[in-house]
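A.B. asks: Can you read through this structure? Questions will come right after.
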Amino acid sequence: MTPTLVQSHLPHAGAAPRVDLGARARDWAEIQERMLVPLYEAVYERLDVGNGTRLLGLGCGSGLALLMAASRGAAVTGVDPSQPERLALARERLLPDSTGDARARAAARLVEGGPADAADPGLPTYNLVTAFQPIGCRAGDSEGLSDLLEAATPLAGHGTPVVLAGWGPPERCATSSVLKVATKLADPLRSAGSWRPALRDDLEMVAERAGLKPDGSGRVACPFGYADVESAARGLLSTGLFDAAARATDQAQVDKELTEALHPHRRADGTVWMPNVFRYLIARTP
1 MTPTLVQSHL PHAGAAPRVD LGARARDWAE IQERMLVPLY EAVYERLDVG NGTRLLGLGC
61 GSGLALLMAA SRGAAVTGVD PSQPERLALA RERLLPDSTG DARARAAARL VEGGPADAAD
121 PGLPTYNLVT AFQPIGCRAG DSEGLSDLLE AATPLAGHGT PVVLAGWGPP ERCATSSVLK
181 VATKLADPLR SAGSWRPALR DDLEMVAERA GLKPDGSGRV ACPFGYADVE SAARGLLSTG
241 LFDAAARATD QAQVDKELTE ALHPHRRADG TVWMPNVFRY LIARTP
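Residue numbers (the UniProt record's numbering): 1 to 286.
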């Protein structure tokens, strides 16, 4: 498993405020997305992703998980109906006119839309479907996921593995204490997107609603490591988990309380380190 490395991130020159969706997407891609690399690696290793894999990534965002699969020899298709700014960064990483890994670009497709938009009668069916955006820490964060999985099922063969991801138990996730700031500030909007503790069967319930059969699961250590408190705040804000809090109060208040919540996780050298455990479920299409 590749460890999550702390890297220095310089502020963007002339960066727009954090509410700017383009700046937020780049913060996600440059700071936060790499925290889930151990999760992607564990899944790909377990399912032996490589040559012959045709992967459909649901909610692919800025495409790091796709890039990693493609670098192993997989043909990848990513769909994302709701985050065009992140998808634009995925195009920079994966499409032919980018400067990324040539092997990764060889068989990559990116679609702004849902699974139906990724259908291509001229191509074989997908033999792996992933939904790596973790659920289980925000009220309502699994809404619509079952429908998305149902829409993807006709594009995959019988018994195709479908991977779902979620946050681990709060006692195993140091970041939980920081995310609780969002719940506190968002009240009384806490039902509209603020933090909640992960439930043991979150992933199984989503799979069942989508008509999928669970076929194994695992837990992966995904520590969140940042160069400093400022980078940690930018990374966490890029997830969107603090948006309800900002609507209920104001961004300055969110920034202040988020920074305070991060200080217990600051080490002597100024870096921020929060051990976390994420869970994945492998289900099968009917």
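Think of the CB as a built atom: it goes at the ideal place given N, C-alpha and C, for glycine as much as any other residue.
Taking the alpha-carbon of Lys180 as reference, which of Ser71, Arg267, Ala90, Leu258 has the nearest alpha-carbon?
C.D. replies: The residue you call residue 180 lines up with position 180 of the sequence shown. Closest by alpha carbon: Leu258.
A.B. asks: Within the continuous alpha helix (DSSP H) that includes Gly22, where are the two ends?
C.D. replies: Position 22 of the sequence shown, counting from 1, holds the residue named residue 22. Its alpha helix (DSSP H) spans residues 21–27.
A.B. asks: With a threshold of 16 other CB atoms inside 10 Å of the CB of Gln253, please say whether the residue is buried or exposed.
C.D. replies: Taking the sequence shown and counting its residues from 1, the one referred to as residue 253 is at position 253. Under this definition Gln253 is an exposed residue.
A.B. asks: Please look up how many angstroms separate the CB atoms of Gly52 and Leu66, rounded, as I've assumed it's under 8 Å.
C.D. replies: Translated into positions along the sequence shown, residue 52 becomes position 52. Translated into positions along the sequence shown, residue 66 becomes position 66. With 8 Å as the limit, Gly52 and Leu66 do not qualify as a contact, their Cβ atoms being about 16 Å apart.
A.B. asks: Express the C-alpha separation of Ala210 and Ala151 in angstroms, rounding to a whole number.
C.D. replies: Walking along the sequence shown from the start, residue 151 turns up at place 151. Walking along the sequence shown from the start, residue 210 turns up at place 210. Their Cα atoms are separated by approximately 9 Å.
A.B. asks: When DSSP labels each residue in this structure, what does Ile282 get in the three-state scheme?
C.D. replies: Along the sequence shown, read from residue 1 onward, the residue named residue 282 stands at position 282. In the structure shown, Ile282 sits in a strand (DSSP, three-state: E or B).
A.B. asks: Anyone know if the C-beta pair for Thr271 and Tyr226 falls short of 9 Å?
C.D. replies: What you label residue 271 is simply residue 271 of the sequence shown in a count that begins at 1. What you label residue 226 is simply residue 226 of the sequence shown in a count that begins at 1. Contact flag set, yes.
A.B. asks: Based on the DSSP output, what are the partners of Lys213 in its beta bridges?
C.D. replies: Here the question's residue 213 lines up with position 213 in the sequence shown. BP columns for Lys213 point to Arg284.
A.B. asks: What do you get for His158, buried or exposed, if any count of 16 or more other CB atoms within 10 angstroms of its CB means buried?
C.D. replies: Reading the sequence shown from its first residue, position 158 is the one you call residue 158. Flag for His158 reads exposed.
A.B. asks: Taking Pro275 as the reference, which of Ala118, Thr249, Cys173 has the closest Cα?
C.D. replies: Start at 1 with the first residue of the sequence shown, and residue 275 comes out as number 275. Ranking the options by Cα distance to Pro275, first place goes to Cys173.
A.B. asks: By the three-class DSSP mapping on this structure, what secondary structure does Thr130 have?
C.D. replies: Translated into the one-based positions of the sequence shown, residue 130 becomes position 130. If DSSP states are grouped into helix, strand and coil, Thr130 belongs with the strands.
A.B. asks: By DSSP, does Gly63 sit in helix, in strand, or in coil?
C.D. replies: Position 63 of the sequence shown, counted from the start, is the residue given in the question as residue 63. Coil.
A.B. asks: Does the distance from the C-beta atom of residue 287 to that of Ala207 stay below 9 Å?
C.D. replies: Here the chain comprises residues numbered 1 to 286, so residue 287 is not present and cannot be evaluated.
A.B. asks: Beta carbon of Val129, beta carbon of Tyr280: below 9 Å?
C.D. replies: As a first step, residue 129 is located in the sequence shown; it is residue number 129 there, counting from the start. As a first step, residue 280 is located in the sequence shown; it is residue number 280 there, counting from the start. No, these two residues do not count as a Cβ contact at 9 Å.
A.B. asks: On the CB-based measure, 16 or more other CB atoms within 10 Å of its CB, does Asp243 come out buried or exposed?
C.D. replies: Locating residue 243 in the sequence shown gives position 243, counting from the first residue. Buried.
A.B. asks: Cα separation between Pro11 and Gly122?
C.D. replies: The sequence position of residue 11 within the sequence shown is 11, counting from 1. The sequence position of residue 122 within the sequence shown is 122, counting from 1. Only weak support exists for where Pro11 lies, its pLDDT of 40 falling under 50; the value from the coordinates is given anyway. Roughly 44 Å separates the two Cα atoms.
A.B. asks: Once DSSP output is grouped into helix, strand and coil, what is the label at Ala70?
C.D. replies: As a first step, residue 70 is located in the sequence shown; it is residue number 70 there, counting from the start. Helix, per DSSP.
A.B. asks: CA-CA distance, Arg34 and Pro154?
C.D. replies: Here residue 34 refers to the residue found at position 34 of the sequence shown. Here residue 154 refers to the residue found at position 154 of the sequence shown. Spanning the two alpha carbons is a distance of roughly 31 Å.
A.B. asks: Which residue wins for smallest C-alpha separation from Gly114, given the options Gly57, Ala107, Pro124?
C.D. replies: Translated into positions along the sequence shown, residue 114 becomes position 114. If we check each option's Cα against that of Gly114, Gly57 comes out closest.
A.B. asks: Would you mind stating whether Ser238 and Arg24 have Cβ atoms separated by less than 9 Å?
C.D. replies: Sequence index remark: in the sequence shown, residue 238 carries index 238 (1-based). Sequence index remark: in the sequence shown, residue 24 carries index 24 (1-based). Cβ atoms of Ser238 and Arg24: closer than 9 Å.
A.B. asks: Mark Gly59 as exposed unless 16 or more other C-beta atoms lie within 10 angstroms of its C-beta, in which case mark it buried.
C.D. replies: Against the sequence shown, residue 59 aligns to sequence position 59. Gly59 is buried by the Cβ-count criterion.
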